[in-house]
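Below is one structure; the comments refer to it alone.
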Amino acid sequence: DWTADQFVDTTIASLKARLGNDQVVMALSGGVDSTVAAILVHKAIGKNLHCIFVDNGLLRKNEFQQVLDSYQHMGLNIKGVDAKDKFYAALKDLTEPEAKRKAIGRTFIEVFDEEAHLISDVKWLGQGTIYPDVIESVSVNGPSQTIKSHHNVGGLPEKMKLKIVEPLNTLFKDEVRVVGKTLGIDPTILGRHPFPGPGLGIRILGDVTADKVRILQEVDAIFIGGLRDSGLYDKVWQAGAMLLPVQSVGVMGDERTYERVVSLRAVTSTDGMTADWAHLPYEFLANVSSDIINKVKGVNRVVYDISSKPPATIEWE
Ligand code: XMP
192 DWTADQFVDT TIASLKARLG NDQVVMALSG GVDSTVAAIL VHKAIGKNLH
242 CIFVDNGLLR KNEFQQVLDS YQHMGLNIKG VDAKDKFYAA LKDLTEPEAK
292 RKAIGRTFIE VFDEEAHLIS DVKWLGQGTI YPDVIESVSV NGPSQTIKSH
342 HNVGGLPEKM KLKIVEPLNT LFKDEVRVVG KTLGIDPTIL GRHPFPGPGL
392 GIRILGDVTA DKVRILQEVD AIFIGGLRDS GLYDKVWQAG AMLLPVQSVG
442 VMGDERTYER VVSLRAVTST DGMTADWAHL PYEFLANVSS DIINKVKGVN
492 RVVYDISSKP PATIEWE
């Protein structure tokens, strides 16, 4: 029978044997999988694990600094890289979802490759791949049609000529969380909602600009903060806001406004493959909506997405 304690012990022992004195580089995202994978490798080889956390300018409000602080707190050898402007430049004028994903993925590889070359004699690339990712990349390469190219960093190991180490590639998400708990990782990190690699870049419909990112970060922070304050955060699989590429007429005092529309999205799910829109209380939605419209300049209308997956997907792009 599988137990997390046993998994941790045998994995650390085999990582030690496999990696020896080699240098390992790893990109962290702030998510559960890459964090748990990094802590395991760190326990095996300590400072020979070099972690890189890239600010792609598409993260949630204040997330870069908060996540960087918590990695440092965990004792990881971590470098934060501000690459916001590179990502915005790569995204300039792109509107098509897959084109945006590709631009974000390509830019990430460039930034990461550059950083990895600063570390002398790296032999391994660590990744937080979990079992469902292994399965999914098989089907992505197979005959079935790709709906969204989730594997944003495919091609990274080939380009860098590194060997791959993926300590979680036999585990499911719930097992990763149990392993993370055994390792003493902060429960708020382990309980985090999934967040797409391309981040707010695929939640801003159409072209992405720094201004739009700022608006969406404010909206998202009010929504997610509200879910936490109301004890609803852990009851949904994932939540976030989408900035729509339309303007709507409104009225403020006796002035006509013509401003942006945001859509809030919250879903329940067990694996993200299918999902139901979350039946959040009207009272909660009412408060979040007026908070957003009162506090976020440039937004005059909030809608709630009541579509399930399938046929809708969780993200709008
Ligand atoms: P969809 O929108 O396909 O999303 O229902 C299912 C889950 O995958 C996440 N998602 C992504 N994750 N890169 C990622 O790393 C992507 O390009 C991407 N697109 C969607 C989504 O947030 C949800 O958890």
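Residue numbering for the sequence shown follows UniProt numbering, starting at 192 and increasing by one per position.
We put the beta carbon where it would ideally sit given N, CA and C, even for glycine.
C-alpha gap between residue i and residue j, whole angstroms
i, j, result
"Lys-488", "Asp-398", "19 Å"
"Lys-500", "Leu-259", "33 Å"
"Leu-219", "Ala-469", "29 Å"
"Lys-426", "Arg-251", "20 Å"
"Asn-360", "Thr-201", "14 Å"
"Gly-211", "Ser-205", "10 Å"
"Thr-504", "His-264", "36 Å"
"Lys-403", "Asp-377", "31 Å"
"Asn-491", "Leu-455", "14 Å"
"Lys-372", "Ile-203", "16 Å"
"Asp-365", "Ser-261", "22 Å"
"residue 519", "Leu-267", "Residue 519 lies beyond the stretch modelled for the chain, which goes from 192 to 508, so this question has no answer here."
"Asn-332", "Asp-462", "Residue placement at Asn-332 is poorly supported in this model, since its pLDDT is 42, which falls under 50; the coordinates still yield a value, given next. Rounded to whole angstroms, Asn-332 to Asp-462 spans 21 Å at the Cα level."
"Leu-381", "Ala-280", "33 Å"
"Asp-312", "Lys-270", "17 Å"
"Thr-459", "Asp-213", "42 Å"
"Glu-506", "Arg-394", "7 Å"
"Gly-441", "Arg-451", "10 Å"
"Ala-307", "Ile-243", "8 Å"
"Ala-477", "Ala-457", "15 Å"
"Asn-485", "Glu-409", "12 Å"
"Asp-445", "Tyr-424", "37 Å"
"Ala-235", "Val-370", "15 Å"
"Ala-208", "Pro-502", "47 Å"
"Arg-368", "Leu-362", "10 Å"
"Pro-198", "Tyr-449", "Going by the sequence as given, residue 198 is Phe instead of Pro. Phe-198 and Tyr-449: Cα-Cα distance of roughly 56 Å."
"Trp-428", "Pro-385", "8 Å"
"Gly-392", "Ile-230", "28 Å"
"Phe-475", "Thr-465", "25 Å"
"Gly-422", "Tyr-473", "15 Å"
"Leu-435", "Lys-314", "44 Å"
"Thr-400", "Glu-254", "18 Å"
"Asp-273", "Ala-294", "17 Å"
"Val-437", "Asp-276", "25 Å"
"Pro-358", "Leu-285", "36 Å"
Residue environment, residue i, which counts as buried when at least 16 other CB atoms sit within 10 Å
i, result
"Thr-194", "exposed"
"His-233", "buried"
"Lys-291", "buried"
"Pro-334", "Because the pLDDT at Pro-334 is just 41, under 50, the model does not fix this residue reliably, and the point stays unresolved."
"Leu-309", "exposed"
"Gln-256", "exposed"
"Asp-192", "exposed"
"Pro-389", "buried"
"Asp-411", "buried"
"Ile-321", "buried"
"Pro-387", "buried"
"Gly-237", "exposed"
"Val-227", "buried"
"Gly-296", "buried"
"Val-508", "Going by the sequence as given, residue 508 is Glu instead of Val. Buried, because 16 or more other Cβ atoms sit within 10 Å of the Cβ of Glu-508."
"Thr-298", "buried"
"Gly-375", "exposed"
"Asp-196", "exposed"
Cross-strand partners of residue i (DSSP beta bridge)
i, result
"Arg-447", "Val-442"
"Phe-475", "Per DSSP, none; premise fails for Phe-475."
"Phe-244", "Leu-219 and Gly-271"
"Ala-457", "Ala-430"
"Leu-316", "Val-216 and Ile-355"
"Val-199", "Answer by DSSP bridge pairing: none, since Val-199 is not bridged."
"Asp-467", "Thr-459"
"residue 146", "Shown here, the chain extends from 192 to 508; a query on residue 146 therefore has no answer."
"residue 555", "In the structure displayed, the chain extends from 192 to 508; residue 555 sits before or after that span and is not available."
"Val-227", "In DSSP, Val-227 forms no bridge with anything."
"Val-493", "Val-453"
Whole-number beta carbon distance between residue j and residue i, since they are thought to touch under 8 Å
i, j, result
"Val-356", "Val-215", "7 Å"
"Ala-430", "Ile-406", "Wrong, their Cβ atoms sit about 18 Å apart, outside the cutoff."
"Val-453", "Val-479", "Incorrect: roughly 11 Å between the Cβ atoms, too far for contact."
"Gly-317", "Met-433", "With 8 Å as the limit, Gly-317 and Met-433 do not qualify as a contact, their Cβ atoms being about 32 Å apart."
"Ile-413", "Ile-497", "So it is not a contact: roughly 20 Å between Cβ atoms."
"Met-224", "Gly-319", "The identity of residue 224 in the sequence shown is Asp, whereas the question assumes Met. 4 Å between Cβ atoms; contact."
"Asp-304", "Met-351", "6 Å"
"Phe-278", "Leu-249", "7 Å"
"residue 136", "Gly-222", "Past the edges of the chain, shown from 192 to 508, lies residue 136, and the structure says nothing about it."
"Glu-287", "Ser-340", "Wrong, their Cβ atoms sit about 12 Å apart, outside the cutoff."
Minimum Cβ-Cβ distance from residue i to chain C less than 7 Å
i, result
"Val-404", "Included in the structure is just one protein chain, with no chain C present."
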